[in-house]
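What follows is one structure encoded as structure tokens, with my remarks underneath.
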Amino acid sequence: MPIEYYIFLCLTLFSIGVIGVLTRRNAIVVFMCIELMLNAVNLLLVAFSKMNYGAAQVMSPTTTAGIDAQIFVFFIMVVAAAEVSIGLAIIVMMYRNTHSIDINFLNRLKN
Numbered sequence: 204m205p206i207e208y209y210i211f212l213c214l215t216l217f218s219i220g221v222i223g224v225l226t227r228r229n230a231i232v233v234f235m236c237i238e239l240m241l242n243a244v245n246l247l248l249v250a251f252s253k254m255n256y257g258a259a260q261v262m263s264p265t266t267t268a269g270i271d272a273q274i275f276v277f278f279i280m281v282v283a284a285a286e287v288s289i290g291l292a293i294i295v296m297m298y299r300n301t302h303s304i305d306i307n308f309l310n311r312l313k314n
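In this text, residue positions in the sequence shown follow the numbering used here: the first is 204, and each later residue adds one.
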């Protein structure tokens, strides 16, 4: 499968995430859009890793080139899981205090 298909898919997913972050007011939807952007980047890293591994394997069949990006994706997923747990805890505490998960309501908390 050509790399252009992966790039187009990742660009589409990332664009949907950016549009969701910029237009939505619900904190949970914004949080899901941020995760969608992270997953688009992860998919692109894995696609480039696969492409690099295929090119390196032609030169040397016993190579491990191209696996670095997949390890990096694993660490991104671990950090994203920690982000989800902390982010959802913040959203739950915000809902308990304000009975709303509207992001615009947070501006009133400054005063």
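Note that the Cβ used here is the ideal one computed from N, Cα and C, for glycine as well.
Where the alpha helix (DSSP H) through residue i begins and ends
{"i": "Thr301", "result": "Asp271 to Thr301"}
Close beta carbons around residue i, own chain, < 8 Å, minus the five adjacent residues each side
{"i": "Leu216", "result": "Leu239, Met240, Asn242, Ala243 and Leu246"}
{"i": "Gln273", "result": "Leu248, Val249 and Ser252"}
{"i": "Val232", "result": "Gly223"}
{"i": "Met280", "result": "Asn245"}
Inter-residue CB distance, residue i and residue j (contact presumed, cutoff 8 Å)
{"i": "Met297", "j": "Ile289", "result": "No, Met297 and Ile289 are not in contact; Cβ-Cβ is about 13 Å, not under 8 Å."}
Residues bridged to residue i [DSSP beta-bridge criterion]
{"i": "Asn229", "result": "Asp305"}
Residue i (DSSP reduced to helix, strand or coil)
{"i": "Met204", "result": "coil"}
{"i": "Thr265", "result": "coil"}
Contacts around residue i, its chain only, beta-carbon distance under 6 Å, and the 5 residues preceding and following it disregarded
{"i": "Ala230", "result": "Ile294, Ile304 and Ile306"}
{"i": "Tyr209", "result": "Ala250"}
{"i": "Gly220", "result": "Cys236, Leu239 and Met240"}
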